[in-house]
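These protein sequence lines map, in sequence, to chains A and B.
Under the working numbering, think of the first position of the first sequence as 44, with each following residue one higher.
Under the working numbering, think of the first position of the second sequence as 44, with each following residue one higher.
Even glycine gets a Cβ: it sits at the ideal position worked out from N, Cα and C.
There are 2 protein chains.
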Amino acid sequence: MERRAREILSVARPILLEDGFQALSMDRVASQMEYAKGTIYNHFPNKEEIVLALAVQGMKLRRALFAKAVEQPGGSRHRLACVGAACEFFVSNCFDDFRIEQLLRQVNIWDKTSEHRQNTIREYETSCIGLVSTVVQAAVESGELQPPPGMDPPEIVFGFWAICYGSQVLAHSSPGLKEVGIPDFGRAMRIHLNSLCNGFGWQPFMNWQQHIELMDSVHQQLSSDFHQIITSQREDQ
Amino acid sequence: MERRAREILSVARPILLEDGFQALSMDRVASQMEYAKGTIYNHFPNKEEIVLALAVQGMKLRRALFAKAVEQPGGSRHRLACVGAACEFFVSNCFDDFRIEQLLRQVNIWDKTSEHRQNTIREYETSCIGLVSTVVQAAVESGELQPPPGMDPPEIVFGFWAICYGSQVLAHSSPGLKEVGIPDFGRAMRIHLNSLCNGFGWQPFMNWQQHIELMDSVHQQLSSDFHQIITSQREDQ
DNA sequence: GTCAAATTATGACGCCCCGTCAAAAAGTGT
DNA sequence: ACACTTTTTGACGGGGCGTCATAATTTGAC
Numbered sequence: 044m045e046r047r048a049r050e051i052l053s054v055a056r057p058i059l060l061e062d063g064f065q066a067l068s069m070d071r072v073a074s075q076m077e078y079a080k081g082t083i084y085n086h087f088p089n090k091e092e093i094v095l096a097l098a099v100q101g102m103k104l105r106r107a108l109f110a111k112a113v114e115q116p117g118g119s120r121h122r123l124a125c126v127g128a129a130c131e132f133f134v135s136n137c138f139d140d141f142r143i144e145q146l147l148r149q150v151n152i153w154d155k156t157s158e159h160r161q162n163t164i165r166e167y168e169t170s171c172i173g174l175v176s177t178v179v180q181a182a183v184e185s186g187e188l189q190p191p192p193g194m195d196p197p198e199i200v201f202g203f204w205a206i207c208y209g210s211q212v213l214a215h216s217s218p219g220l221k222e223v224g225i226p227d228f229g230r231a232m233r234i235h236l237n238s239l240c241n242g243f244g245w246q247p248f249m250n251w252q253q254h255i256e257l258m259d260s261v262h263q264q265l266s267s268d269f270h271q272i273i274t275s276q277r278e279d280q
Numbered sequence: 044m045e046r047r048a049r050e051i052l053s054v055a056r057p058i059l060l061e062d063g064f065q066a067l068s069m070d071r072v073a074s075q076m077e078y079a080k081g082t083i084y085n086h087f088p089n090k091e092e093i094v095l096a097l098a099v100q101g102m103k104l105r106r107a108l109f110a111k112a113v114e115q116p117g118g119s120r121h122r123l124a125c126v127g128a129a130c131e132f133f134v135s136n137c138f139d140d141f142r143i144e145q146l147l148r149q150v151n152i153w154d155k156t157s158e159h160r161q162n163t164i165r166e167y168e169t170s171c172i173g174l175v176s177t178v179v180q181a182a183v184e185s186g187e188l189q190p191p192p193g194m195d196p197p198e199i200v201f202g203f204w205a206i207c208y209g210s211q212v213l214a215h216s217s218p219g220l221k222e223v224g225i226p227d228f229g230r231a232m233r234i235h236l237n238s239l240c241n242g243f244g245w246q247p248f249m250n251w252q253q254h255i256e257l258m259d260s261v262h263q264q265l266s267s268d269f270h271q272i273i274t275s276q277r278e279d280q
């Protein structure tokens, strides 16, 4: 990506994250740079395309975290826990990128943006699902998991994806979660992910306490790797 | 609600659903009625408030469906299946309202709207969680479910909520789901919900086939009740 | 039926945003 | 120094937001 485009993105990102999609306007981006509005339009045909470009950066980072998680040694369930840790880490440490990902599922970004960048996003998403699917696949091959007949690894992944995504979105968009009796959604999410594994008979069986201990240890193990990935990605673009 | 406000909402609803939040403008609503823009502003201070008012209608409907589901006789797991059926029914038959609910978690509706209507929304949400929690509570009291220590019914509900919400949002916002190996997300969602129950040891244990049969029969049983609720609610407002 | 007071409706206005495009500026090669 | 190409500029038309002085309508007292 050209230097100019990167400059534009670095100006647009804080606007988007501090004041939301509505507040991101070409005029505002232009006025915060040494360029006029027309110049911005030479690089991005509309603000949706800027958002998409920012999302590409975020999803690249997410995939790198997933790749690191998946390549960990150990049993399939341990490796799945590593992916879970990557998800939690991404939301905690790259909350910006998480929110931009969410934007993609909300606003009508897709109508106005280039097919090329859309495909890039789709490829990252497919790639992430694929990475997690390899863990499920390994579990099936090693006999640790016997999925329901006719249920392929990606469909298993879908469940974990839904719990992670659903939990995090609900938690960050329902202010009164504590008041309705859900004081610690992160703990609840971990327990549900573990219960779903148990429900599929994924070996070795773990009770909620073992799983939470596993998650904590996995977090510690991967923390420095993850942080390194973040910094190296930030340098790239 | 006054007659005028209802008129405005009935004009705004199709605009919102056909052309999205961006396209909903006070000018456009006004031009489609026999009133001027200023009159619209006498009833709703901004378009966000209109969206919130539409969401109230939808959530009222959702809660009515949940109430009907929860009051069904039978074991706790059967009753939970009824709630699941209500969720599926809501998305299928009130897709409009489902999409408006989603808007609430996306756009910055909350900054610009009245606290009163916000509270109404929150109350409906709390009420829905509460209804489902009663089923979980009944399961605990009857001994069909032994939740992890320190995990209250709402936290259990949170997992099912996350799967339902997450699955449906992901499915409706990731066009290429089939291409990545998830041909029938509805079936996958049911299987995951069932596996989560099994993972908590919720009795009676069901395999995926028993659960899907249960869901189908529950749908048939409740279909006419649900349709009746829809029509009676539509008359109200 | 009349009229003044209260309520409600109107739409022009100022401000901001989008995306365009002709004109200006800067850069390039000879 | 000059012609040609590339890049930048910002004014412009179209449109949305929210306001508010003015106009129309309703109300109710006599």
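- In the DSSP assignment, Ile83/B falls within the alpha helix (DSSP H) that extends over 80–86.
- The beta carbons of Arg160/A and Val99/A sit closer together than 8 angstroms.
- Between the C-alpha atoms of Asn89/B and Met69/A there is a straight-line separation of about 24 angstroms.
- Of the candidates Glu50/B, Gly219/B, Met102/B, the residue whose Cα lies closest to the Cα of Phe201/A is Gly219/B.
- With at least 16 other beta carbons inside 10 angstroms of its own, Arg106/A counts as buried.
- Segment contact: the region 242–249 of chain A against the region 211–226 of chain B, fewer than three CB-CB distances shorter than 8 angstroms; contact not assigned.
- Of the residues Leu52/B, Gln253/B, Phe228/B, Thr274/B, the one whose Cα lies closest to the Cα of Ile143/B is Leu52/B.
- Distance between Thr163/A and Ile272/A, taken at the CA atoms: about 20 angstroms.
- For Val223/A, a Cβ of chain B is located within less than 8 angstroms of the residue's own Cβ.
- At a beta-carbon threshold of 7 angstroms, the residues of chain B lying near Leu213/A are Trp204, Ala205, Tyr208, ordered along the chain.
- For Pro57/A, the enclosing alpha helix (DSSP H) begins and ends at 46–66.
- Setting aside the 5 residues that flank it on each side, Arg120/A is surrounded in the same chain by Ala182, Glu187, Cys240, Trp245, Gln246, Pro247, Met249, each with a C-beta closer than 8 angstroms to its C-beta; the list follows chain order.
- Look at the beta carbons and you see the region 129–139 of chain B not touching the region 166–183 of chain B: under three pairs across the two are nearer than 8 angstroms.
- Along the region 235–251 of chain A, going in chain order, the ones with a CB nearer than 8 angstroms to a CB of chain B are His235, Asn237, Ser238, Leu239, Cys240, Asn241, Gly242, Phe243, Asn250, Trp251.
- For Gln276/B, the closest alpha carbon among the candidates His262/B, Asp140/B, Asp154/B is that of Asp140/B.
- Between Leu123/B and Val178/B, the CB-CB gap stays under 8 angstroms.
- In this structure, Leu67/B sits near Ala55/B, with a CB-CB distance shorter than 8 angstroms.
- Going by beta carbons, Leu265/A and Cys125/A fall inside the 8 angstroms limit.
- The three-state reading of DSSP puts Cys171/B in helix, counting H, G and I together.
- Taking Gly224/B as reference, the option from Ala112/A, Val94/A, Gly173/A with the minimal CA-CA separation is Gly173/A.
- Taken through DSSP and simplified to helix, strand or coil, Leu188/B comes out as coil.
- For Ile234/B, the CB contacts under 7 angstroms within the same chain, skipping 5 residues up- and downstream, are Trp251 in chain order.
- For Thr169/B, the residues of chain A that pass the 8 angstroms Cβ criterion are Gly219, Glu222, Val223, in the order they occur in the chain.
- Gly117/B and Ser185/B have their C-alpha atoms roughly 12 angstroms apart.
- For the options Asp279/A, Arg230/A, Glu278/A, Thr274/A, the alpha carbon positioned closest to that of Asp259/A is the one of Arg230/A.
- Going by DSSP, Lys111/B is part of the alpha helix (DSSP H) stretching over 90–113.
- A straight line joining the alpha-carbon of Trp153/A with that of Lys111/A spans about 30 angstroms.
- Between the alpha carbons of Val261/B and Gln253/B lies a gap of roughly 12 angstroms.
- Restricting attention to Val94/B, Trp204/B, Glu114/B, the CA atom closest to the CA of Ser217/A is found in Trp204/B.
- Interface flag for Asp195/B against chain A is set, since a Cβ pair is found closer than 8 angstroms.
- Leu95/A and Leu104/B have their alpha carbons spaced roughly 35 angstroms apart.
- Relative to Thr156/A, the option among His86/A, Asp279/A, Pro191/A, Pro196/A whose CA is nearest is His86/A.
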